[in-house]
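Below: the structure, in structure tokens.
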Amino acid sequence: MVGLTGGIGSGKSTVADLFVAHGASLVDTDAIAHQLTGPGGLAMPAIVGVFGGTVTDVNGALDRGAMRRLVFADVGARARLEAILHPMIRHISTERCALATTPYVILAVPLLVESGDYRQRCDRIAVVDCTESVQISRVMARNALSEKEVHAILAAQASRAQRLAAADDVIDNSGELTKLYPRVAELHAKYLAKSSEKAKANC
Numbered sequence: 005m006v007g008l009t010g011g012i013g014s015g016k017s018t019v020a021d022l023f024v025a026h027g028a029s030l031v032d033t034d035a036i037a038h039q040l041t042g043p044g045g046l047a048m049p050a051i052v053g054v055f056g057g058t059v060t061d062v063n064g065a066l067d068r069g070a071m072r073r074l075v076f077a078d079v080g081a082r083a084r085l086e087a088i089l090h091p092m093i094r095h096i097s098t099e100r101c102a103l104a105t106t107p108y109v110i111l112a113v114p115l116l117v118e119s120g121d122y123r124q125r126c127d128r129i130a131v132v133d134c135t136e137s138v139q140i141s142r143v144m145a146r147n148a149l150s151e152k153e154v155h156a157i158l159a160a161q162a163s164r165a166q167r168l169a170a171a172d173d174v175i176d177n178s179g180e181l182t183k184l185y186p187r188v189a190e191l192h193a194k195y196l197a198k199s200s201e202k203a204k205a206n207c
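One gets this note's numbering by counting positions in the sequence shown from 1 and adding 4 to each.
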């Protein structure tokens, strides 16, 4: 089990897709969260019960912009939202990891460093790393957010230093996409070897 993490705008999804291209299974907790909060999502009744209809869009999905503004305005709102989502995400991700048949699984968790539960489940922690300035420019371009909004998101996450301190493997994504290919291929080979070693030890 390889826990994959990184700050917002670091390129976690791109790296995860490269591992999948090599044949790894991917369990993405962010994707699970989107499913839970989409139209008809299993978490939506509880979210509406706690926050009201002002945090939903016309389709009944979570209005992420409205929720983001609420979370930044109300320090307790994040905890209430996480209390609804996190147990569901942990349950579903555990089920999906158990169903994987590949030698190793990439468990992509944006807030892995902040969560002791996920860290304990992983054999390796791989951190996608880039400078904060690169993160900010990417998120502003991708999400049409102001620099102030991006800084607020970064402030709510583990610092770059904290993520690097937790890393067994670091994937530098500060530059061109092509530079990721050899690094992911190298780590794929390492994880296959470690999976084989673990399988032999368990025999």
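For each residue, glycine too, the CB sits at the ideal point set by N, CA and C.
These numbers were taken from a predicted model, which means no experiment stands behind them.
* Asked: Is it true that the CB of residue 129 sits closer than 7 Å to the CB of residue 172?
  -> A contact, by the Cβ cut-off of 7 Å.
* Inter-stretch contact at 8 Å, needing at least 3 Cβ pairs: the stretch 58-72 / the stretch 40-48 -> Yes, they touch.
* Can you give, in chain order, each stretch of the alpha helix (DSSP H) that sits fully within the stretch 134-200 and has at least 4 residues? -> Counting only runs of 4 or more, we get 136-147, 151-159, 164-170.
* Three-state class that DSSP yields for residue 70 in the structure shown -> Residue 70 falls in the helix class under three-state DSSP.
* Asked: Cα-Cα, which of 18, 174, 12 is closest to residue 162?
  -> The candidate whose alpha carbon is nearest that of residue 162 is 12.
* Reference residue 137; option with closest CA among 125, 131, 152 -> Of the listed residues, the one whose Cα sits closest to residue 137 is 152.
* Please determine, among 139, 148, 145, the residue with the shortest C-alpha to C-alpha distance to residue 179. => Residue 139 holds the alpha-carbon nearest to the alpha-carbon of residue 179 among 139, 148, 145.
* Which class does residue 59 belong to by DSSP, given the choice of helix, strand or coil? -> The answer is helix: DSSP assigns residue 59 an H, G or I state.
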